[in-house]
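Residue numbers 1 to 660, in full-length UniProt numbering, belong to the letters of the sequence shown in order.
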Amino acid sequence: MSNYENHTTGSLIVLVGIGLVAVLMGLPSHTFLSGGSSYSGGPFYTPGPSFETQSLNDRMLISQTFQLDTGRATNGRATVSQPLAQMIPVIRRSFRRNPHPEAVLYGDAANVPVGWAYLEFRNPTRQPRHLVLSMPQYRSDQVTLWRGKGGRFVRLGTLGNNTPLGERFYPFFNYAFPFTIPPQATVPLLLRSQRYAGYHELDVQLTEQRTRNGGSYAQQAFVSSIRDGITVIVFLLLAVVALLVGWLSASRLLRWFGVYLVSLTLWSAYFVGYLSLAPYPAGLSLNADTVGLFIRILINITVHPFFYYMIKPAIRQPRLYKQVVASYCVVCTGLMSTFLLPPVYFDSLRHGVTLGMMSVSNLNIGWLFVWAVLAYVRVRVWSPLAICLLGLSPMVISQLASFLRAAGQDTYRHAPSEPLYILFVLSYLTFDQFRRELVTRQRMQTQMQEVDEYNNVLRRQEIEGIGRELHDQVGNTLATALSYLGRIPLNPDKLRSILLTAISELRFLSHNLVKDDNRPLTEKIETLVSRFNDFTPIHLIFADYTRQQINQLPMLKQQNLYRIIQELLTNVIRHSGATQASVEFFCEGTTVDVSVEDDGGGFDLSASQTRGIGIQTIYKRAALSGITVQFDPTPTGTGILLQTTLDTPVPSHANPNYSY
């Protein structure tokens, strides 16, 4: 097994292991953890004697239709007009328990813009409990918390995603509300969440303001904010590195990977809340509430140029592929353009925009998977498939698991991905493919230099051969003509014949000295056949049954084919004694055949291979370009078949007269 295969196998083993870890990370934490509090099955929750953070998601009672009548503000805080004695029984009857331990789910914000959650906290001890109710602002634009006090619900506060950090209870992007449970008391908490566009959910956590080991919620939130900041910085740094290296190395793969990472950096910054406080233009629907939906659509566009250069060798119809992707991007751009509308118009479109985002995202995942498989099957490019299996599969599996767990329920969770894991998979596989492309590029440059040097050697040999021809053929012919001039009586017809032979030889040699150009192969062969027909009695025929598909061959291969055909026709004219010869191009799938036939007397192939410089040159040129040569000399004519391959297959209907 080669070093490259060892490297590839080892990389796949490592990445598969990481992918399994990611799948496990995507499973809900309650699968592995439990304990820390009492839970009686009712709307009551008794915090344990000592804990740091507890999830309350599957303990909450929730509602999507509850209405709350607020009264006048008392002591600066809004209170609810109805007393607790009337409201709590109504809440217990009308609210239902949230069945999802991973989050409090409400569904699409277009259908459920407002969601409610309720829980009663008990403190059986003789000491007050100082707690913090917190939740990330991801997928919730505004949260308001009421607590029972003095027989009524009193509002503790309202936090929005654009609330300045200095106006929050804690200077962090998470929604966090401190509250106290008096000794031997029960405190009901009522939570209202609002969401404008996208998925609507909460991840409700309970934390002690200060733990017995000296820690605090503020310290935990600070560490979490540092971790979030590092994540965004890592995304941004890798994007800059990819753009810089791509620009310096002229690698379009890395350039577009950098662009894609920029969009992922924006998504990461939105995820942790950094974009919530950004200044947005007034009068447009692009704001702190909708920027996440906008970026999701943008990511579906920026992934395509990057992915195209990963699977480019496997695309057999680039024009059709680009047309399909361009149409998809136009649809995404149309969805993004709706964010430029005034909010009053976007309100009626947001549900359709959300559904459109989900549709194009799911379509995109399917498209990427299909082409990743095709890239591996067709050209053994495994990086795109590894990205899909290790990067997208954990999200798809987690989504499917969430859907199955929610069977019979009205909604299920669209689980977010692990950003650093996705970044690692993308970066590792992309830079690995870039490394392999660099190695291939350097190897091809070395091969091209060797081919150029060898072509120069062949060209010098051909020029030397033409010099010998000038000396042996034209020189001898002119010497014969000179000797005839001294004869008496002079035979003008004989002399004229000798001079015409010399002129024909000079024309022939001058045609072979014509420098190659960069025209397509079919045009060059047409010109060659036409020139030879001008001065030779042999009738030469050229037919292209590939419909010029043969011109898709690399230019070096076209040049060598041209020189080989030129040498073959030269041999036909000089040595075959034929009256007619033909050059025909055929193509079936990826196989290209060039047939050169004449009706002459044939030749001894073994003798030609050992003594003929022209035949040896043909074999050398063919070997340089991966062309196979088959000679079939017979007493009634000679057939030569040249065979090579195209990168892109040609449909069989392109060759109506295919004869092989």
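Glycine included, every Cβ here is placed at the ideal spot set by N, Cα and C.
{"Query": "Looking at the strands, I want to know which residues DSSP matches up with Y280.", "Result": "Looking at the DSSP assignment, Y280 forms no beta bridge with any residue, so it has no partner."}
{"Query": "Looking only at its own chain, which residues have a Cβ that is under 6 Å from the Cβ of P635, when we skip the five neighbours before and after it?", "Result": "G602"}
{"Query": "In terms of alpha-carbon separation, which member of S50, K149, P164 and V143 lies closest to G157?", "Result": "V143"}
{"Query": "Rounding to the nearest angstrom, what Cα-Cα distance links P178 and N287 in this structure?", "Result": "28 Å"}
{"Query": "Taking the alpha-carbon of T546 as reference, which of T53, E584 and V451 has the nearest alpha-carbon?", "Result": "E584"}
{"Query": "Could you tell me how far apart the beta carbons of A239 and L254 are, in whole angstroms, since I believe they sit closer than 8 Å?", "Result": "Not really, about 11 Å apart at Cβ, beyond 8 Å."}
{"Query": "Drop a sphere of 10 angstroms on the beta-carbon of P47, count the other beta-carbons inside from all chains shown, and report buried for 16 or more, exposed for fewer.", "Result": "buried"}
{"Query": "So what's W371 in DSSP terms, helix, strand or just coil?", "Result": "helix"}
{"Query": "In the DSSP output, which residue or residues are listed as bridge partners for M444?", "Result": "Note: M444 sits in no beta bridge, so no partner."}
{"Query": "Give the list of continuous beta strand (DSSP E) stretches no shorter than 3 residues that lie fully inside the region 564-624.", "Result": "580-598"}
{"Query": "Are the CB atoms of V572 and D598 nearer to each other than 8 Å?", "Result": "yes"}
{"Query": "Among P113, V259 and L341, which one has its Cα closest to the Cα of L426?", "Result": "V259"}
{"Query": "Can you check DSSP and say which residues form a bridge with A218?", "Result": "Partner(s): none; A218 has no beta bridge."}
{"Query": "Under the rule that 16 or more other beta-carbon atoms within 10 Å means buried, what is A386, buried or exposed?", "Result": "buried"}
{"Query": "In the structure shown, what three-state DSSP assignment does E526 receive?", "Result": "helix"}
{"Query": "N100 lies in the beta strand (DSSP E); which residues open and close that run?", "Result": "In the sequence as displayed, the identity of residue 100 is His instead of Asn. From DSSP, H100 is part of no beta strand (DSSP E); its letter is neither H nor E."}
{"Query": "List the endpoints of the continuous alpha helix (DSSP H) containing P171.", "Result": "Run containing P171: none; DSSP gives neither H nor E here."}
{"Query": "Terminal residues of the continuous alpha helix (DSSP H) containing I299?", "Result": "V291 to I311"}
{"Query": "Quick one: is P318 buried, meaning 16 or more other Cβ sit within 10 Å of its Cβ, or exposed?", "Result": "exposed"}
{"Query": "Does the Cβ of Y175 have 16 or more other Cβ atoms within 10 Å, making it buried, or fewer, making it exposed?", "Result": "buried"}
{"Query": "Relative to the C-alpha of N560, which residue among S530, Y619 and E523 is closest?", "Result": "Y619"}
{"Query": "Let's see if you can read the secondary structure: which residues bound the alpha helix (DSSP H) around M336?", "Result": "P318 to S337"}
{"Query": "Tell me which same chain residues have a C-beta within less than 6 Å of the C-beta of I301, skipping the five on either side of it?", "Result": "C329 and C332"}
{"Query": "Under 8 Å Cβ to Cβ from L277, same chain only, skipping five residues before and after it: list those, please.", "Result": "N162, P164, L165 and A288"}
{"Query": "I'd like to check one pair, S134 with Q205: are the Cβ atoms closer than 8 Å?", "Result": "yes"}
{"Query": "For V303, which residues in the same chain have their Cβ closer than 6 Å to its Cβ, ignoring the five residues on either side in sequence?", "Result": "Y260"}
{"Query": "The beta strand (DSSP E) that contains S263, what's its start and end?", "Result": "Element bounds for S263: not the beta strand (DSSP E) but the alpha helix (DSSP H), R252 to V272."}
{"Query": "With a Cβ-Cβ cutoff of 8 Å, do R92 and P43 count as a contact?", "Result": "yes"}
{"Query": "Given a cut-off of 8 Å on the beta-carbon distance, is the pair I311 and V381 in contact?", "Result": "yes"}
{"Query": "If you follow the beta strand (DSSP E) that A386 is in, where does it begin and where does it stop?", "Result": "Looking at the DSSP string, A386 is not in any beta strand (DSSP E); the run it does join, the alpha helix (DSSP H), is S383 to I387."}
{"Query": "Quick one: residues in its chain with C-beta nearer than 8 Å to the C-beta of L131, no 5 flanking neighbours on either side, listed in chain order?", "Result": "P47, F121, P178, F179, T180, I181, L206, T207, E208 and Q209"}
{"Query": "With F153 and S225 assumed to form a contact (beta carbons below 8 Å), what rounded beta-carbon distance in angstroms separates them?", "Result": "No, F153 and S225 are not in contact; Cβ-Cβ is about 31 Å, not under 8 Å."}
{"Query": "I'd like the span of the beta strand (DSSP E) that includes residue 706, first residue to last.", "Result": "There is simply no residue 706 to check, as the chain begins at 1 and stops at 660 in what is shown."}
{"Query": "Give the secondary structure of Y421 by DSSP, where H, G and I count as helix, E and B as strand, and everything else as coil.", "Result": "helix"}
{"Query": "Just the Cα atoms here: how many angstroms apart are residue 665 and V104?", "Result": "Limits of the chain in this structure are 1 at one end and 660 at the other, which puts residue 665 out of reach."}
{"Query": "Whole angstroms is fine: what's the gap from W116's alpha carbon to Q219's?", "Result": "29 Å"}
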